[in-house]
Structures are given as structure tokens and as C-alpha cells.
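Student: Below you will find the structure I want to go over with you.
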Amino acid sequence: MNKFKSWGFVNENGDFELENPEKSSYLYFPIANEAGIMSSITPTLNGDIKSGQNTFLLLPVSAEDLHNTRSSRNFWINIKGFEPWSVSGNSPMQLGYTFQENSPESVKLEAGFLWHKVTRENNDLGIKAEILNFAPADNHKVELMKVSITNTGEDTKTIAPTAAIPIYGRSADNLRDHRHVTSLLHRIKTTDNGVVVKPALSFDERGHKTNDVIYSILGVEDNGDKPIGFFPEVEEFIGEGGSFECPEAVFCNKEPYSKSLDMFEGYEAIGAIRFKDVELSAGETKTFIIMMAINEEGDETENEVLISKYGNLEKIDRALDECKKYWNNKLSRPEFNTGDEKFDRWMKWINLQPILRRIYGCSFLPHHDYGRGGRGWRDLWQDCLALLIMEPDEVRKLLYNNYAGVRIDGSNATIIGSKPGEFIADRNNIARIWMDHGAWPFLTTKLYLDLSGDLSFLLEEQEYFKDRLSSRCTDFDDTWTIEEGNKLKTFDGVIYKGTILEHILIQHLTPFFNVGTHNNIRLEGADWNDGLDMAPEKGESVAFTALYGSNLIEFAKILKELKGRYSIEEIDLAEEMTILLDSLNVPINYDSVEEKVNLLKTYFKSCKNKISGRKVKVSIDELIKDLEIKGKWIINHIRNNEWIKNSEGYEWFNGYYDNSGNRVEGDHANGTRMNLTSQVFTTMGGAATEEQIEKIIESANKYLKDDKVGGYRLNTNYHEVKKDLGRLFGFAFGHKENGAMFSHMAVMYGNALYKRGYVEAGYEVINSIYSHCINFEKSRIYPGIPEYINEKGRGMYHYLTGSASWMLLTVLNEVFGVKGYFGDLVIEPKLIDKQFDSEGKTSATALFAQRSIKVKYVNRNKLNYGEYKILSLSIDGNKVECSIYENKAVIERKVIEALDGDKLHDIVVELG
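Everything in the sequence shown is counted per the working numbering, starting at 1486 for the first residue and increasing by one.
What follows is the structure, encoded as C-alpha cells:
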């Protein structure tokens, strides 16, 4: 087996390098910009480039396609007297080097935000290539590639350079379906600088459309000189019997058959660009610039702009500097300085991941098993958690727009458009709902309210989503037509609007009554764990019932603050909704499943088609009381009915009931069954008592902790394909939702422990994930946190995961204790002794109230958590009068807002 050396950080910006990266499989790196170019690139320059599901410049790839070369950004050098050499390592000779211990070729990867450089050197040939790829930080959908060839030998070499990048130029849907037919639509044109493909039509059997998208591969020398010719057709470039690894045009050093302004139709295209021969003396370097562009507006002049903007060495170097500056600035907050520099720099890559998810969605990197693009409902809200910390300016608008996806029955749209707040009516006849969806908007909104103090946001009015689905997707509104649009209307035909407060209420009240036979909220289509999708009739999610319960209690606290701050005595609500506020009218018995379900049916009937539009005034005190009654009932119900003890004496919460109506967790003939999710939300929301939390920790360490996978598994092995609960049990154990170390839930477990004051246990959870991820020999991923760790310890579905948002929240808000409370700044550290440097110092830099603050903790005696308290607090050297309670300080917002908005302000916290 090859010996693997881990990547290492080379500076405080988080740039890293890795020797022999091509000896590890499945590695890929994102290259993107805010304009919408989305690329993936491997150490051998494989990967794809696209701007959406229907606009792929390079061949779409999955993880298993990363091994081939059909999507490689290749660049060939035909060296006089030698066999052709590929800068990407994809020639027949080079492909054999991978398994040689004493290979003549060495490879090094260097990467940063968001640039990727591979240096490949061949001692036998006396040649070295540096290939740098990045997307400029501007409004062009283009990936730039800078190829620098150096003669490392003693004699002058003559080289014939040829760029060779296949142009796929169509929808990912055509990868197999109509692959050849869609090539017949290709209209290929050569220009002074490259090969351009503009298909005649956008192929879609539901209705073909005229195509405007232009795909281009352009090339220029470092001094601005143009190429000398082209091989625009794949079959002519590779030749009869040839391949991308052994193309005839290169291996026979053929003269290019195409010059500028030639036209070709109906063939697979390639950006095969021949530059003039170059003589390189010893030590001399020659650079070529390749541009891979997508223009969706059909602007024929765009390529001229690209050549003008990036078409020589000085210009592309300037674009690279601007790219680095843009991303380093964007990812500068939050920033951490602990005793572990590697952790601090690793967290910068965590900062990047929520932004990547905003750009890529969940589907546009090689692990694209989440569909055809975009993000889901849950993703919209969880990504906003990190954006509130990193890019708070636009989040209010995002939150407001997202609430337009809520239905009046408490469910929500699941077909989400590409624009903020764009939701599309159901057209695929799939009626489903994830029961946890209603809980996430509240968590994100609560964070926004705590950071901003903007409680008036709750009183803003927003529309409701409407399509043919009704009654939480258990029924259809036969009166609705797609022509009516996707907005809820009144009987008078007017679009109805309700406050954000009303939207949050409906998302929590309908689940409260939507219970199964054990009086927990029904599982419906699934919860957070999408794999639990085969128990829609009798399945129940105790785990998320706990979250809804704690949300109800927290929402009541927010309403109390709203009342006090704005002297509000009454709240306007849709008349129909008062049915669900039963304690204000005729209280029902919450222990009765039948009474709950019947009340919910009455409500559904009242709003199946349209609503009256009438609003009633509800006492805010009575509303608060109703929410508290419901929330406390849930907490007590779970404590009294779902706490289990197995035959070995371990205790924890049951989290689910299957479609046979049976309790899922505990003793079983096939072995103990335990789920991590069940413990997370009962702990996080307060259903678990302190005594129960201690027992949960013991049980999780016994049944779920596994150092092989970097921490805590999502569940134990059920040893059966459990068809009455979910598809996940068909997955091999230790993979994805079935028993992997699923980062998202593991991080939330750590977050829950920190929230409840179990700091050492919380640290162990977070540190176990971090330690595994930076161990390259095990995780085989670049810096960052993957969606999950598989049974062999490999990180899977890297970059595009909600885990990153929760890791940021946990480290900043819980570990460093820098957070908000209704707009005031709260300082509440939960740092342990080993998180301070040798001088007993540690710090976190963040944004709060549009001010940059650096919270510095000074722990001179290096005390552990539980031993220290806050002694004093100063801002820029001036002592601050604030409320201090043992280990918690609250600084009024007005104090922070009085600070200079253009400076970084030091908040020094003395611990002792």
C-alpha cells in the first residue's frame, strides 16, 4: 500500500499543500464564484464545470467518474525526441506511475480559497508544469486555467503545446438519454482564440426551445499571442482507434485542420487548441492561459471581453490576486485563535462550506445524489444559520422570502426555485411532507432575533404558499388549478397575508395535533433523517416531537419580550387558526389522541381550498399561555413515556415508532437499538433532565461511539432491512443514514451537550470529528467537514453539508460563548483548559451589530471550565459596566452600536 502523507497548512489564511495527491482516490476541490460558475477539480484535473442542471460545459461527473479522463482539463506537450506528456498525468506512460514507488514523476497540490494548483515534474523528461485553476471574483461564468511549463533540464527543448478539453455543452439529463441526438444539435465555431459551441435547440421532449447558451474553450499565450489552429471535433482529435489518453492529433503531432471562423455541425466537440512550437532553454518558463466559459445570455461578444480581461500573464495574475483577496475577506469572520493553529485554520474551511452550499445547492459536486439542483426546505433555513454569522446584511430579506413557502396547513413547499423566495407548485404528483420541516424556520428566526433584537420582524406580513396539496399533504384540493398561481387566496380572490408570527404558529400548531397512536407527532414522509421514509401511517418521531415542544416554550418567551418591548396586548391571527388555540376556547384533553386528531381535521376542513381572510384579535397573554401549556405537555409526555432502560442497565430516550406501531429503540432479538437523533433533541430542548443527560452520555458512549468512524454513529446496527421504517436499513451498515458518523447530527449532539452545560462531553464530540477529519490517512478529504464518515473512515459528500453551519454555531456561540440575546451581546465561555494557548489566552473574532469585535479571554491560571468565572470586561482598554452573573456577561446593544464601525474592537474578558 502507498504511504500517504497528510496535507498541511502553510499559512494563516488556510492555504494547504499535499504531496502526491493523485495517489488518493475520490479527492475533489470546488472552484466557484458568485456569478454562478460551479466546478469540481481533482488532482488529475478531472471534474466538471456547469452553471446549472441544464448547462454543463464539461461532462457531468459523479464520484465514480473521477477515475476516468473524459472530463479532464488536459494540456499536452509534445516534446521533440520524447513521448507526449500530459500536464494532468493522463497519458498511458504516466497512468502507470501511480503504483510505482520510485516514479520519475512527482506531484504536489497547493490550494486555498478558491484556487487550486497542481505542480507535476518529470525528472526523466526534465520538464515541470504548474497548473493553476480558479474562477475570477466578478460577474463572469468562467473558470480560468494558467499552465506554466518550465524546462528543468540542461538542454534546450522544443515543445508543441495543445490544450484538450472536451465540450459537453448540454443538460446533465442527456448524459445517457439522447446523448447522440443532442450532439446533432451542436453548432461548433472556431474563433481567433478557441472553440465555441452553441447548440441549435435546448432538447426537451416536453417542448424544445431555442438555445441561447454558449459554451467556450479559449486559449492565449502569456504575451497575448493567439493559437495557431484547432481540432474542434472529438473524433478527428482522437483519431480512429484513439482515445483521450492517446489522441492521434497529439501523438502524431498533426497539423491543426481548423483555423479561425470555421463551422462544424452535429458532432461531439472539444476545445483542442494548438499553440505554436516553443523553444525552452534551460530554466525557462512559458505560460498559457485557458478560459472555460458559459454564457447563458447568448452574448457573442462575451468571449472578446474575457480575452481582453484575462488574456495575458499580468492580467490573469491580477485576477488571481483579486480572487484570493475576495475570498479571504469574505471568510475572515468568524475567526478563532486557540492553542491549536491547525484547528483555527481548519475552521476557516468550515466558514466556506455554507457559502458553497448557497452557490452549489446540494447537487453540484461529484457526490450529487440529492437530485437535479437547488436546495431543500431544511437546507434553506440551516444555511441561513451560518449566513447570520458571516453575511448578516441580506439575511432578513432571505428569511422573509423563505416564509412565503409555508402552507396554511403548516406544511411547506418542497419544490424550490433558483431565486430567493421562489417556490414552485407541485407538478410531479408526489404528495409528501417531512414532519421536521416546520421546526427549522423557528430556530433560524430565533437566532436572527437574538443577534439583531429586531422583534418587529415577527409582525411583518407575508403570503402563504398554495398548490393542490392540502391537509399536510394527505389530501388534494380538487378546485385548485395551476393557472391560479401558488399563493393562498381568500374566498374573495384576494391574496392572503399573515404575519411571520402567524406563519411560525401554524408550523407548530398543526404538528402538535397531528399525532399517532402513542401521542407523538407522526413521522409522515420522514423527519431530518430522510431515510426514515417507510412509516407514513403509524410511524412517530419522538425526537422531533421534543424539538417542537421546546420551540413552543421558546416562542412563548419571545412573545413575552415582544409584548414588553412594544406594549402589545393583542395579536391579529387568521380566524380559522383560533381552532388550534383550544385553550382559549374549549380546551381538549391532550392525552386523547382522538380529540387531537379530530380537532386538526376540523381545522383542515376550514382551509382546504381558500380562507375567509377575516382576522381576529387574540390576547398575547392567552397566546403565550396556550403555547406554554402545549410545550410543557410535550416535555412531560416524553419524560414519562419515552425513557427506556435496557437489559444491560443503560438508559436513554426512545426516538421512533415504526409503521407497525412498535417502539423502535431498546432491547431487540437482533441486538440493542439506539439512535443518536433521539438523544440530541431531547437534550437540546430540555426534555432530558440533568440526571437523564448523564445516562444518555453513558449510553451513547457504550453503543454509538466508535473511533474508527471519527465519533458517534447515527444508530446501532439493526441487522435487518426494516421495511416498516425506512429505506436506510437497506443501506449497508456504516454508510450514510444507516450507522455512519453522520456529521450533522453528531455536531448537533455536541451542541446540545454544550447548551446544557456538559462541556467536557461536548468537547469530546466536536474534537473527535475534527481529529478524524484532519487525519488524512483515514478521512482522505481536504480541510473541512464532510456529510458523513463511511465504514472505512473516508469522508463522504464533502463541502455541501449543513454540518458546517452547526459547527460554526457550536464553536462561536457555545464554545466561545459569543452570542446574542434579543439584540444584546452575551459573553458566556465554555472553554476547557486545553483550548487556551501557553499564556492562557484564546480569542474569537466575529461580527455583531455590524461591528467587528475580537473577544479575547485571559485565563492566567489556566483554569478549566467550571473553575473560572468572569472577573472583568473591557472594550478597547475601557472597563465596561455590564451585567455579570458568574460565567455570563450581557453587554447592552447600544454599547456595541456606539463603537466605530470601521475598526476592529478588542473585548478583553478576564477569567479567574
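Quick reminder that beta carbons are idealized off the backbone N, C-alpha and C, glycines included.
1. Nearest-angstrom Cα distance between G1714 and L1791?
2. Below 8 Å, how does it come out for the region 2012-2020 and the region 2060-2073: are there three or more Cβ pairs, yes or no?
3. On the three-state DSSP scale, how would you describe W1492?
4. Mark R2378 as exposed unless 16 or more other C-beta atoms lie within 10 angstroms of its C-beta, in which case mark it buried.
5. Whole angstroms are fine: how far does the CA of P1651 sit from the CA of F1541?
6. Express the C-alpha separation of G2308 and Y2051 in angstroms, rounding to a whole number.
7. Would you tell me roughly how many angstroms separate the C-alpha atoms of D2385 and R2336, rounded to the nearest one?
8. Out of A1778, T1770, N1738, M1748, state which residue places its alpha-carbon closest to the alpha-carbon of R1759.
9. With H, G and I counted as helix, E and B as strand and the rest as coil, what does DSSP make of Q1867?
10. Under 7 Å between the Cβ atoms of V1891 and H1988?
11. Near N1487, which residues of its chain fall below 6 Å by C-beta distance, leaving aside the five closest residues on each side in sequence?
12. Rounded to the nearest angstrom, what separates K2048 and V2103 at their Cα positions?
13. In this structure, how does DSSP classify K2354 when only helix, strand and coil are distinguished?
14. Please report the straight-line C-alpha distance between A1767 and T1637, rounded to a whole angstrom.
15. So what's K2110 in DSSP terms, helix, strand or just coil?
16. Helix or strand or just coil, what does DSSP make of V2296?
17. Under DSSP, the beta strand (DSSP E) around M2233 begins and ends at which residues?
18. Do three or more CB pairs link the region 1833-1842 to the region 1646-1661 at distances below 8 Å?
19. I need the DSSP call for Q1585, collapsed to helix, strand or coil.
20. Could you give the first and the last residue of the continuous alpha helix (DSSP H) run that contains E1826?
21. Assign M1523 to buried or exposed, taking buried as 16 or more other Cβ atoms, counted over all protein chains shown, within 10 Å of its Cβ.
22. Assign Y2370 to one of three DSSP states: helix, strand, or coil.
23. Give a yes or no on whether the C-beta atoms belonging to A2225 and L2189 are separated by under 7 Å.
24. According to DSSP, simplified to helix, strand and coil, what is W2118?
25. If we ignore side chains and look at the alpha-carbon of each, how far apart do E1568 and E1730 end up?
26. Here's the rule: buried if 16 or more other CB atoms are within 10 angstroms of the residue's CB, otherwise exposed. What is H2229?
27. Can you tell me the Cα-Cα spacing of I1562 and S1633, whole angstroms?
28. Going straight from the alpha carbon of E2046 to that of T1930, what length do you get?
29. Would you kindly check if the distance between the Cβ of G2024 and the Cβ of N2144 is under 7 Å?
30. Identify the continuous beta strand (DSSP E) that holds V1632 and give its terminal residues.
31. With which residues is W1862 paired in a DSSP beta bridge?
32. Compute the beta-carbon to beta-carbon distance between A1889 and F1942, rounded to the nearest angstrom, for a pair I have assumed lies under 8 Å.
33. In whole angstroms, give me the CA-to-CA distance for D1500 and Y1513.
34. From H1693 to L1686, what does the alpha carbon distance come to, in whole angstroms?
35. So, do the region 1708-1725 and the region 1664-1678 have three or more beta carbon pairs nearer to each other than 8 Å?
36. Could you tell me which of N2121, S2328, N1814, I1616 sits nearest to D2076, measuring between CA atoms?
Tutor: Inspection of the coordinates gives the following:
1. Answer to the nearest angstrom: the Cα atoms are 19 Å apart.
2. Segments in contact, no.
3. Looking at W1492 - three-state DSSP - the assignment turns out to be coil, as it is neither helix nor strand.
4. Result: buried.
5. If I take the Cα positions, the gap works out to 11 Å.
6. Separation of Y2051 and G2308 (C-alpha to C-alpha, rounded to the nearest whole angstrom) is 15 Å.
7. Roughly 8 Å between the two C-alpha positions.
8. The residue with the shortest Cα to Cα distance from R1759 is N1738.
9. Helix at Q1867.
10. With contacts defined as CB atoms closer than 7 Å, V1891 and H1988 qualify as a contacting pair.
11. In this prediction, N1487 has a pLDDT of 48, which is less than 50 and means its spatial position is unreliable; what the coordinates show is noted afterwards. Cβ neighbours of N1487 beyond the five flanking positions: K1508.
12. Distance between the alpha carbons of K2048 and V2103 is about 13 Å.
13. Coil at K2354, not helix or strand.
14. Spanning the two alpha carbons is a distance of roughly 6 Å.
15. Helix at K2110.
16. The three-state reading of DSSP puts V2296 in helix, counting H, G and I together.
17. It is not in any beta strand (DSSP E) - M2233 instead sits in the alpha helix (DSSP H) that spans 2228-2240.
18. Touching, no, given that fewer than three Cβ pairs across the two stretches are closer than 8 Å.
19. Taken through DSSP and simplified to helix, strand or coil, Q1585 comes out as coil.
20. According to the DSSP assignment, E1826 belongs to the alpha helix (DSSP H) that extends over 1826-1845.
21. So M1523 counts as buried.
22. Assigned with DSSP and collapsed to three states, Y2370 falls in strand.
23. Result no, Cβ atoms of A2225 and L2189 do not sit closer than 7 Å.
24. DSSP places W2118 in helix when its eight states are reduced to three.
25. Take the alpha-carbon of E1568 and the one of E1730: they are about 12 Å apart.
26. Under this definition H2229 is a buried residue.
27. If I take the Cα positions, the gap works out to 11 Å.
28. Near 15 Å, if we compare the C-alpha coordinates of T1930 and E2046.
29. Closer than 7 Å, so yes.
30. Segment 1627-1636, the beta strand (DSSP E) holding V1632.
31. Answer by DSSP bridge pairing: none, since W1862 is not bridged.
32. With 8 Å as the limit, A1889 and F1942 do not qualify as a contact, their Cβ atoms being about 14 Å apart.
33. Going from the Cα of D1500 to the Cα of Y1513 covers about 16 Å.
34. So the two alpha carbons sit approximately 7 Å from each other.
35. Cβ pair count under 8 Å is three or more, so yes.
36. If we check each option's Cα against that of D2076, N2121 comes out closest.
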